[in-house]
Amino acid sequence: MRKTIAIFFSFLLLLSNSHSQVRKSGINSLAFLKVGVGARQVAIGSAATTLKGEPNMIFWNPAGIVLSDKKLAIEFTYNRWIADIAQVALGATYNFGKIGTVGFGLISFGLSNIPADRDLLPPDLAYLQIDQQTSSTYNFRDIAIIISYARNVTDVLSIGVNLKYLREQIDDLSASAFAVDLGASYKVTDFWDIGARLSNLGSDIRYYDIASPIPLSFSIGTSFHYTYQGSFTGKLFVDFVQPQDLPQLFFTGVELDAWNMFFVRAGYKFNYSGTKDKGTSWRGPVETTIEGFSVGVGAKLGISDYSVSFDYAFTQMKLLDNVHRITVGFGLK
Numbered sequence: 001m002r003k004t005i006a007i008f009f010s011f012l013l014l015l016s017n018s019h020s021q022v023r024k025s026g027i028n029s030l031a032f033l034k035v036g037v038g039a040r041q042v043a044i045g046s047a048a049t050t051l052k053g054e055p056n057m058i059f060w061n062p063a064g065i066v067l068s069d070k071k072l073a074i075e076f077t078y079n080r081w082i083a084d085i086a087q088v089a090l091g092a093t094y095n096f097g098k099i100g101t102v103g104f105g106l107i108s109f110g111l112s113n114i115p116a117d118r119d120l121l122p123p124d125l126a127y128l129q130i131d132q133q134t135s136s137t138y139n140f141r142d143i144a145i146i147i148s149y150a151r152n153v154t155d156v157l158s159i160g161v162n163l164k165y166l167r168e169q170i171d172d173l174s175a176s177a178f179a180v181d182l183g184a185s186y187k188v189t190d191f192w193d194i195g196a197r198l199s200n201l202g203s204d205i206r207y208y209d210i211a212s213p214i215p216l217s218f219s220i221g222t223s224f225h226y227t228y229q230g231s232f233t234g235k236l237f238v239d240f241v242q243p244q245d246l247p248q249l250f251f252t253g254v255e256l257d258a259w260n261m262f263f264v265r266a267g268y269k270f271n272y273s274g275t276k277d278k279g280t281s282w283r284g285p286v287e288t289t290i291e292g293f294s295v296g297v298g299a300k301l302g303i304s305d306y307s308v309s310f311d312y313a314f315t316q317m318k319l320l321d322n323v324h325r326i327t328v329g330f331g332l333k
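Residue numbers for the sequence shown follow full-length UniProt numbering, beginning at 1 and rising by one.
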């Protein structure tokens with residue numbers, strides 16, 4: 001079995017290497033796929049490859065959607081992104097027992113009523129304007145529709161796959177693409193997990209017959225947890241992420257859990273969207289980060305066979321507005 005596990009993880013690594021030619025930043029399309037979904041995942045610095053049992057894992061590692069203690073789980077996330085862009089996401093999973101867990105994910109990301117600047121001519125020259133019918137505003141909307149499947153191959157190994165339909169629309173122009181995510185999660189010991197995922201392996205998106213690649217990335221992660229007196233648990237998460245259009249990234253986060261009811265989280269992304277300032281007379285340029293640290297809290301309440309949860313995450317955006325995310329969850333045993 002260990003040989004099978006090693007072969008599977010090696011397959012993910014080789015598959016990622018076969019598509020690992022680094023592209024310049026900004027060339028990839030569908031950038032909304034890089035914006036994290038889920039307050040818990042973002043609060044731990046997006047070091048989420050080894051998380052398990054949550055619908056929002058559809059958007060990270062499909063192997064993590066496997067439900068062991070629930071029949072049904074649903075999570076809704078709202079994120080007011082930079083520049084007033086709204087991200088809304090829904091994840092739902094259903095446990096079919098030995099068959100596995102099936103999930104559905106939806107992301108909507110966009111902005112409405114953007115000034116189009118179509119009416120640039122002064123009134124006395126309006127008769128020269130070619131477009132006199134189109135609205136003076138326009139919308140843009142990115143959408144991802146995901147069907148997910150995962151199952152426990154053994155009591156320590158789970159694997160998962162996503163099938164994704166991706167669509168981008170700007171004003172009356174639209175384009176679409178299809179992609180696949182692959183993931184695995186392995187329980188090394190009772191307190192140590194490892195995982196790997198390959199995200200957005202798929203077709204290019206085309207505008208006017210010009211192809212743009214979607215943001216392919218490969219991640220490998222590990223996590224450790226320690227429980228004190230059966231009531232308090234501390235968790236450490238570490239992810240190494242290799243996007244196709246950026247240098248290697250390093251994400252890390254921690255989560256403190258009291259009675260599996262109250263949660264405090266923090267995380268940081270290293271080398272993420274790095275830029276250099278101009279320096280000063282006494283020092284050279286310093287690498288800064290657009291997306292800095294993140295913190296969050298959560299609460300979960302179980303009543304009979306039902307559970308409800310609430311999670312919040314704050315993300316520091318050093319050069320832009322700070323970001324707030326809220327996730328509300330529901331579970332049924």
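C-beta atoms are modelled at their ideal positions from N, C-alpha and C, and glycine is treated no differently.
Since the structure is predicted, the reported quantities are computational estimates derived from the model, not experimental observations.
- The bridge partners DSSP lists for Phe237 are Ser223, Gly253.
- Counted as a single uninterrupted DSSP element, the beta strand (DSSP E) harbouring Val308 occupies residues 306-317.
- Counting along the chain, Gln41 sits inside the alpha helix (DSSP H) bounded by residues 39-43.
- By the CB criterion at 8 Å, Ile44 and Arg265 fall inside the cutoff.
- Tyr208 is classed as exposed because its beta carbon has fewer than 16 other beta carbons within 10 Å across all chains shown.
- Using a Cβ distance threshold of 8 Å, Asp245 and Asn79 do not count as a contacting pair.
- Judged by their CB atoms, Thr327 and Thr77 are nearer to each other than the 8 Å cut-off.
- Ser158: member of the beta strand (DSSP E) spanning 157-170, first to last residue.
- If you draw a 10 Å sphere on the C-beta of Leu173, you find fewer than 16 other C-beta atoms in it, and that means exposed.
- Here Pro247 carries a coil assignment [DSSP, helix/strand/coil].
- Secondary structure of Ile290 (DSSP, three-state): coil.
- Per DSSP, Tyr272 lies in no beta strand (DSSP E) segment and is marked neither H nor E.
- Non-local beta-carbon contacts of Leu67 in its own chain, meaning distances under 7 Å to residues more than five positions away in sequence, involve Gly53, Ala73, Thr93, Asn95, Thr101 in chain order.
- Lys187 is bridged by DSSP to Asp193.
- Here Ser158 is not near Ser176, since their CB atoms are 8 Å or more apart.
- One alpha carbon belongs to Gly160, the other to Met317, and they sit about 32 Å apart.
- Closest option to Phe218, judged by alpha-carbon separation, among Pro243, Arg206, Phe232: Pro243.
- In this structure, Gly91 places its C-beta atom within 8 Å of the C-beta atom of Gly105.
- For Asp142, the enclosing beta strand (DSSP E) starts and ends at 137-152.
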